[in-house]
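One structure below.
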Amino acid sequence: MNDDSTDPGPDPAAAHPLPDDIAAVAPAGRPSRPPAIALGALAVVLAFGAGIGVGRVTAPGGGAVASPSLAVASPGASPGTSAGPGPSPTGIAALPSEGNRLGRADAKVVVEYWADYQCPFCARFAQQVLPQLLSRIEDGTVAVVHRDYAFLGEESLDAAVAVRCAGREARYWAMHDAVYAGQVGENQGAFARPRLAQIAAAVGLDATAFAACMDEREPLVDVLDDTSAGVRAGIESTPTTDVNGNRFLGVPDMPAFLATIDAAAAGATPAPLPTAQPPADPWTGIATSAREAGDTTAPVTVELWMDYQATGSAVIANDLGPELRTRITAGDIRVVQRDLAALGEESVVAASAVRCVASQDGPTWFTHDVLAVSARGQGAGIYTPTSILRFGARLGLDVRALSDCMDDPAIASAVAAETAEGTAAGLTAGPVVIVRTASTEVARFSGQLDVAAITAAIDGAR
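Using our numbering, the first residue of the sequence shown is number 19, and each one after it goes up by one.
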């Protein structure tokens, strides 16, 4: 991880309650099963330990096999684990492997399992299910691919990064076993940095190389990109295992699991995998193009000059947003996002995030809203590159492209240039709402925004 992830401070909306109307739709997280996506929930999931927002799994034609063990999972349970740092003697680490693939590249069947290293039933899967695949892995029938779905908190991310770092020294699966053997509960220090260093030493990793790798952004991006792929694939809980289009939730029933593998090896036709439903985005169905919304020929243009650190920004998303969408749908207005990143580096990071989501045709206006409701004032530690990447993973974005975009100096320069344009126009602090007809400004609102006055000005300008 990079420097900002070593002591990143709170992610957006972590340390403070959301506004009541937003918090009301944020479902509570529970171990191994993240909540459904919603505007408030996504503001919360930028926080340490919050759940990943995904859509409800649907499995047309069948193919999702629910395991009874998942239903009895309890928050404090840690079945099949120990507190020791040494590797678990499963035997799988001795098998041929490459990175997160265990087994031969030309294996007949790929068993893909999605897991969080803090999930107790993922530990049970690793320690009790994988050893039962040894013979099939050895003879080339099966390859197992571990996919990171790190949603239970900061220690989940650090543990997954640690295993990735071990992979650089061809110790991925030894570290995989050792980390699962070290579970003691969620975010209780089992996978704090010093503890992971101890586990790495027990596995035989080079201490200097491991510490340097943990501070790089690259392995974090790998973990979050995997997590994002899981969101897109409709993963709802951990462990989740996919075999030839058949999805097993929790610790699978072994006879059914092995029968599915053997049928796939014999040439069974793959079943269609479940997919995720899109997030409940209030901008769905609204004509948007990057940071603009509405018909370019609309008689009124509404400019939203945003500083995402400004605490008044939540009014834009919560109260003004619905009014704007109604008038966009009627063809009365066009709305344009503008950057007024006056409060410092975090403002620039947040504004850059909106531009980068737009660059991959992502949910730009949804992102704008979530960042707006997360505002906690200048220097609150809400908006860091790492927290933005976490957020991107939870939206199912291309995290690697997002990371590259956030690092592109041209993006920050564009934010600075637009901010300078606003400052030259007399705008000193966001948010500011400007109502225009053609190129003529007819009203300007700043500070504590009066939504009724803004909508009256918009309607009067039509």
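All C-beta atoms in this analysis are idealised placements derived from N, C-alpha and C, irrespective of residue type, glycine included.
Residues bridged to residue i (per DSSP)
{"i": "Val450", "result": "Trp323, Ser464"}
{"i": "Asn264", "result": "Val261"}
{"i": "Asp357", "result": "Met324"}
{"i": "Trp301", "result": "Beta-bridge pairing links Trp301 to no other residue."}
{"i": "Trp383", "result": "Answer is none; Trp383 lacks a bridge partner."}
{"i": "Arg352", "result": "Thr319"}
{"i": "Glu130", "result": "Val163, Asp260"}
{"i": "Leu120", "result": "Ser115, Val162"}
Exposure label - residue i; buried when at least 16 CB within 10 Å
{"i": "Thr457", "result": "Residue identity check: residue 457 is Ser in the sequence provided, not Thr. By the 10 Å Cβ count, Ser457 comes out exposed."}
{"i": "Ala359", "result": "buried"}
{"i": "Gly73", "result": "Because the pLDDT of Gly73 is 28, which lies under 50, any placement of that residue in the model is unreliable, and the number read from its coordinates should be weighed accordingly. Buried."}
{"i": "Ala199", "result": "buried"}
{"i": "Gly171", "result": "buried"}
{"i": "Thr76", "result": "Unreliable placement is indicated for Thr76, whose pLDDT of 25 sits below 50; no coordinate value is reported for it."}
{"i": "Pro273", "result": "exposed"}
{"i": "Thr302", "result": "exposed"}
{"i": "Ser331", "result": "buried"}
{"i": "Gln378", "result": "exposed"}
{"i": "Arg309", "result": "buried"}
{"i": "Ser153", "result": "exposed"}
{"i": "Ala277", "result": "exposed"}
{"i": "Gly349", "result": "exposed"}
{"i": "Ala428", "result": "exposed"}
{"i": "Ala435", "result": "exposed"}
{"i": "Thr256", "result": "buried"}
{"i": "Pro296", "result": "exposed"}
{"i": "Glu204", "result": "buried"}
{"i": "Asp243", "result": "buried"}
Helix, strand or coil at residue i [DSSP, three-state]
{"i": "Tyr167", "result": "coil"}
{"i": "Ile110", "result": "helix"}
{"i": "Ser307", "result": "strand"}
{"i": "Ser115", "result": "strand"}
{"i": "Thr455", "result": "strand"}
{"i": "Asp477", "result": "helix"}
{"i": "Ala220", "result": "helix"}
{"i": "Ile253", "result": "coil"}
{"i": "Thr278", "result": "helix"}
{"i": "Ala438", "result": "helix"}
{"i": "Thr293", "result": "strand"}
{"i": "Leu238", "result": "helix"}
{"i": "Asn20", "result": "A caution first: Asn20 carries a pLDDT of 41, below 50, which makes its placement in the model too unreliable to give a value."}
{"i": "Thr226", "result": "helix"}
{"i": "Gly312", "result": "coil"}
{"i": "Ser331", "result": "helix"}
{"i": "Pro270", "result": "coil"}
{"i": "Ile346", "result": "helix"}
{"i": "Pro288", "result": "coil"}
{"i": "Val469", "result": "helix"}
{"i": "Gly339", "result": "helix"}
{"i": "Arg394", "result": "coil"}
{"i": "Asp487", "result": "A question about residue 487 goes unanswered here, because the residues of the chain that appear run from 19 up to 480."}
Proximity test, Cβ basis, 9 Å: residue i and chain D
{"i": "Val375", "result": "Protein chains in the displayed structure number just one, and chain D is not present."}
Inter-residue Cα distance where the pair is residue i and residue j
{"i": "Ala419", "j": "Thr314", "result": "29 Å"}
{"i": "Thr226", "j": "Cys140", "result": "29 Å"}
{"i": "Val197", "j": "Asp166", "result": "13 Å"}
{"i": "Ser92", "j": "Pro138", "result": "Its pLDDT being 28, under 50, Ser92 is placed unreliably in this model, and the value from its coordinates should be taken loosely. The straight-line gap from Cα to Cα measures roughly 9 Å."}
{"i": "Ala251", "j": "Pro237", "result": "21 Å"}
{"i": "Asp195", "j": "Ser174", "result": "15 Å"}
{"i": "Ala286", "j": "Ala111", "result": "29 Å"}
{"i": "Leu361", "j": "Gly397", "result": "8 Å"}
{"i": "Pro381", "j": "Ser307", "result": "10 Å"}
{"i": "Gln355", "j": "Arg122", "result": "50 Å"}
{"i": "Ala184", "j": "Val353", "result": "49 Å"}
{"i": "Thr385", "j": "Ala283", "result": "43 Å"}
{"i": "Leu389", "j": "Ile253", "result": "25 Å"}
{"i": "Leu291", "j": "Asn262", "result": "9 Å"}
{"i": "Val460", "j": "Val318", "result": "10 Å"}
{"i": "Ala247", "j": "Val453", "result": "40 Å"}
{"i": "Asn264", "j": "Asp280", "result": "13 Å"}
{"i": "Tyr6", "j": "Thr259", "result": "Absent from the structure is residue 6, since the part of the chain shown begins at 19 and ends at 480."}
{"i": "Ala335", "j": "Gln327", "result": "14 Å"}
{"i": "Ala371", "j": "Pro149", "result": "43 Å"}
{"i": "Arg412", "j": "Ala168", "result": "10 Å"}
{"i": "Leu338", "j": "Val367", "result": "24 Å"}
{"i": "Gln146", "j": "Tyr135", "result": "15 Å"}
{"i": "Phe266", "j": "Arg343", "result": "41 Å"}
{"i": "Asp299", "j": "Asp387", "result": "10 Å"}
{"i": "Asp468", "j": "Gln216", "result": "56 Å"}
{"i": "Gly222", "j": "Arg182", "result": "15 Å"}
{"i": "Glu481", "j": "Ala430", "result": "Because residue 481 is not part of the residues shown, which for the chain are 19 to 480, the question remains open."}
If we require 3 or more residues per run, which beta strand (DSSP E) segments fall completely within the region 157-213? 160-166
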